[in-house]
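Chains as they are written, first to last, in our numbering: chain R, 37 to 254; chain F, 37 to 254; chain H, 37 to 254; chain P, 37 to 254.
Everything on this sheet refers to the single structure shown next.
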DNA sequence: TATGAATGAGTCTTCATTCAT
DNA sequence: GATGAATGAAGACTCATTCAT
């Protein structure tokens, strides 16, 4: 009795829906959700397979390893953030651009905590026992460069390359701090979230140097 | 070969060294290091015991549970931070106090990345599969309150309770963002670390220029 | 030597034999035997798996927990007893019914000492450190009710509900005492087992001599 | 620094009370209680030591092994039963003696369920993997012989040796059944316990052959 | 004598992964 | 391409026991 015959007899029903690439996407989506809900370490391949509705070994048709799946999820998450940033970078200019970018960043993190958590806050595998060369942030340099670009647009040409990086990194860190804490410690007695975000974004740029009204200074 | 013979040969003897409280401290130190290097989930009690040089069950003479060990490590880490902050809060005033506090915070995080990581960045147990109610940040409220106190001292009495919290939380988030990113992604192409920190701390408070209040500025 | 090579040499292959439900039954059978031979507490899942010829984790494909396995074994044991009793309750009447039932009970216990031991004599889990609320006897109430039914048939309608229970419980206890002692202490210098059983069952009902009241009989 | 000096300095307080034999008794008493409350397998030497107020290793000064402790506890329990039976065997004669003995047996079991459980119902160690040559029941033959003696007294000389054993063993089994079930399954919907015991004991002997009422016969 | 400290062997259970079909 | 079944390795934790003091 050959394999196909056996299958016909036993009637082991396959899951006909969305094989191939769609199935892969489905897996990634469920994994993203589960990872950020319960943490990468807590979620087992069995759970992922169960959520997708396939068998555990079937995962291995799409990803050679759990680690590979995790990394792909991270890359996707970063991709989503980059996309969001790219979408807004042309929508404003001057100080407004900074506010817009900051808002986009925060909104992304809070509206997709799953993705953000996976991208920035997750303990990734550390193969050799040291700190990891985390593929996620490495891929995230692209997102950083977008942010840096926005800084250039906002600050005009008067800054050195290093000054630009300095500002961009400081701002990035500031934004990340807010988003990560809001996500990670939702039970902390935060002030009104909306006001906090607004104030935080406002503080990203120093107030316009010249007193714009009334008495002018330099 | 009976057991005694085997013991003589392999030399599996008791380890009389450092009993009692010192042993406990030793365990905590190794656990702190391992947790921050590899993550709480990845480090097993076996590994901790191995690092300390004792057997796995011996851990349980000092901590009833891995979770208890983790929590103690967290408490210590937070305690160290609070101590550091308390130490500096009286050493400066005005804007300098803010810089001093910020510097203390960042220094703590960078000089004790293990502790910081454990205290702020670690995935703690999630009881119901939801977000964790972790003892760490809850205990960390004490540290926050110290920071808030500093804000009050710096800003004087002109701010409402809410405004104080707003500023304090935004600053805290900003500091956390910098420290956590520097710790978590050391391989990112950061600008000069010292300048970045300085600039970041400087940006915590708006520049002292003109008092914008009362007299309106746009 | 890599893993594959090692596997070829040691021959650690899969064990395709008897999958699915048969495997489950096989596990139950071995567990029943081992539990009754050595006691539930003494038998480890490793031992059960070893007896069945599968790996320890494979057990968990069939039973989520050792406790679940124990409970299934108990349920089966009780089910077998109930079945046996139900089979004979219609086969006799009058005093004969009592003897038949008693005989069925004793035969069950002695011919399936494993099951009987598991059902009646085993220390089950004690949730609060107190006496156990074990699922076994609770499920065994069904068997008791069958016995009670037989008592009703035998004694006719002249007894109050309470008198019926009184008699049924006393008889049940008596039967249990014999079976459990014969099983538990086989090395005791018992008299001829067959005669003992017969006499014991005979003693369950008072001799039919004269009906002490009303109409005198033989 | 010698040992005694060290002890004086560290002040490791010994427990001065009842050393030697009293201490041994204390251990046995606590063990009996714990074993019957939680089961032999569930109670650890640590728990016993803790209950007694001594250190775990100190147990090994009195009993070479947990098993030895268990066996001693069993022997004591049987001793207590034998004592009780011996105490009542001279207090009655004829049918009353049987009732008195039965009552003593049941009372012993119910008033000292700890001892009874340990003596009769406990899973003892089965060293070779088979059914145990349980030291408890073996020691309990003495108690059986007392019961047998009572049967002789009650039934007069008209019975063969074998008939005596037959009756004695059947009765013993009957009593054991009641006691063990009452102890083991206290939550079963038993009828009034007192009536049940009385009826059960009454049924141990066949009713006096002659109709006792009204017309006397001998 | 008694103990604090320690331990090897064992408990149940879960995991990522692989095999044969 | 998919799966049911299985597994080695590891997880946290407990136990009876022993050693040096």
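For every residue, glycine included, the Cβ atom is placed at its ideal position computed from N, Cα and C.
Given the structure is predicted, the values throughout are model-derived calculations rather than measurements.
What whole-angstrom Cβ distance do residue i and residue j have, given they're in contact under 8 Å?
{"i": "residue 137 of chain R", "j": "residue 179 of chain R", "result": "About 11 Å; that fails the 8 Å criterion."}
{"i": "residue 17 of chain P", "j": "residue 133 of chain P", "result": "Since the first residue shown for chain P is 37 and the last is 254, residue 17 of chain P is missing from the structure and cannot be characterised."}
{"i": "residue 102 of chain R", "j": "residue 81 of chain R", "result": "6 Å"}
{"i": "residue 125 of chain P", "j": "residue 186 of chain P", "result": "6 Å"}
Give me the Cα-Cα distance between residue i and residue j, rounded to the nearest whole angstrom.
{"i": "residue 90 of chain F", "j": "residue 84 of chain F", "result": "9 Å"}
{"i": "residue 231 of chain F", "j": "residue 149 of chain F", "result": "19 Å"}
{"i": "residue 202 of chain P", "j": "residue 227 of chain H", "result": "6 Å"}
{"i": "residue 208 of chain P", "j": "residue 143 of chain P", "result": "14 Å"}
{"i": "residue 169 of chain F", "j": "residue 229 of chain R", "result": "Annotation note: pLDDT 48 at residue 169 of chain F (below 50); position unreliable, no value reported."}
{"i": "residue 145 of chain H", "j": "residue 61 of chain H", "result": "21 Å"}
{"i": "residue 127 of chain R", "j": "residue 184 of chain R", "result": "16 Å"}
{"i": "residue 210 of chain F", "j": "residue 200 of chain F", "result": "15 Å"}
{"i": "residue 243 of chain R", "j": "residue 243 of chain F", "result": "8 Å"}
{"i": "residue 241 of chain P", "j": "residue 153 of chain P", "result": "26 Å"}
{"i": "residue 72 of chain R", "j": "residue 79 of chain F", "result": "21 Å"}
{"i": "residue 147 of chain P", "j": "residue 74 of chain R", "result": "53 Å"}
{"i": "residue 131 of chain R", "j": "residue 67 of chain R", "result": "38 Å"}
{"i": "residue 100 of chain R", "j": "residue 93 of chain R", "result": "10 Å"}
{"i": "residue 151 of chain R", "j": "residue 63 of chain R", "result": "14 Å"}
{"i": "residue 141 of chain H", "j": "residue 117 of chain H", "result": "7 Å"}
{"i": "residue 97 of chain H", "j": "residue 105 of chain H", "result": "11 Å"}
{"i": "residue 115 of chain R", "j": "residue 108 of chain R", "result": "10 Å"}
{"i": "residue 167 of chain H", "j": "residue 177 of chain P", "result": "Caution is warranted here: a pLDDT of 41 is assigned to residue 167 of chain H, below 50, making its placement in the model unreliable, and no coordinate value can be reported."}
{"i": "residue 255 of chain F", "j": "residue 113 of chain R", "result": "Lying outside 37 to 254, the shown extent of chain F, residue 255 of chain F is not represented and no answer is given."}
{"i": "residue 161 of chain P", "j": "residue 181 of chain P", "result": "Unreliable positioning characterises residue 161 of chain P in this predicted model, as indicated by a pLDDT of 46, which lies under 50. A coordinate reading is not provided."}
{"i": "residue 165 of chain H", "j": "residue 206 of chain F", "result": "At residue 165 of chain H, the pLDDT of 42 sits below 50, so the modelled position is not reliable; the number obtained from the coordinates is stated separately. The alpha-carbon atoms of residue 165 of chain H and residue 206 of chain F are separated by roughly 51 Å."}
{"i": "residue 198 of chain F", "j": "residue 224 of chain R", "result": "15 Å"}
{"i": "residue 88 of chain H", "j": "residue 57 of chain H", "result": "14 Å"}
{"i": "residue 188 of chain R", "j": "residue 135 of chain R", "result": "14 Å"}
{"i": "residue 194 of chain R", "j": "residue 129 of chain R", "result": "16 Å"}
{"i": "residue 119 of chain R", "j": "residue 70 of chain F", "result": "37 Å"}
{"i": "residue 65 of chain P", "j": "residue 196 of chain H", "result": "44 Å"}
{"i": "residue 86 of chain P", "j": "residue 95 of chain F", "result": "20 Å"}
{"i": "residue 286 of chain P", "j": "residue 156 of chain P", "result": "Because chain P is modelled from 37 through 254, residue 286 of chain P falls outside the range shown and cannot be assessed."}
{"i": "residue 139 of chain R", "j": "residue 219 of chain F", "result": "25 Å"}
{"i": "residue 192 of chain P", "j": "residue 59 of chain H", "result": "59 Å"}
*Between the region 224-241 of chain R and the region 212-228 of chain F, do at least 3 Cβ pairs fall closer than 8 Å?*
no
*Curious, which full-length alpha helix (DSSP H) runs of at least 4 residues does the region 182-249 of chain P contain?*
197-220, 229-238
*Note down, one range per segment and in chain order, each alpha helix (DSSP H) of at least 4 residues found wholly within the region 51-123 of chain H.*
56-74, 81-88, 92-95
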